[in-house]
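Enquirer:
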Amino acid sequence: MPIIVNLDVMMAKRKISLNELSERVDLTLSNLSILKTGKAKAIRFSTLEAICKALDCQPGDILEFMDDGEEKNIS
């Protein structure tokens, strides 16, 4: 998948648990977990904004685009 979700990396850098982030952004644990594992098909801008505020980061710190050609070179 060309969009890589680095939410777990940002959470580790900020030393915040999934439970704490869930409470801060008012998102269920299951929905946050789906996003964290990269299984989400979409994300609302309001959710992305809340996550960025909670983690004091930019959207680019959480989401990354990787061209399919680049992904194949890594494997």
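Heads up: the sequence shown runs through residues 0 to 74, numbered per numbering that gives the first Met the number 0.
Cβ atoms here follow ideal geometry from the backbone N, Cα and C, with glycine treated the same way.
Alpha carbon to alpha carbon, how far is ILE61 from VAL4?
Expert: 6 Å
Enquirer: Which value, in whole angstroms, describes the spacing of the CA atoms of ARG23 and ILE2?
Expert: Rounded to the nearest angstrom, the two C-alpha atoms are 24 Å apart.
Enquirer: To the nearest angstrom, how far is it from the Cα of GLU48 to the Cα of ASP66?
Expert: 25 Å
Enquirer: Buried or exposed: where does ALA41 fall if 16 or more other Cβ atoms within 10 Å of its Cβ makes it buried?
Expert: Per the 10 Å Cβ criterion, exposed.
Enquirer: With burial defined as no fewer than 16 other Cβ atoms inside 10 Å of the residue's Cβ, what is the status of LYS38: buried or exposed?
Expert: exposed
Enquirer: I need the DSSP call for ILE15, collapsed to helix, strand or coil.
Expert: coil
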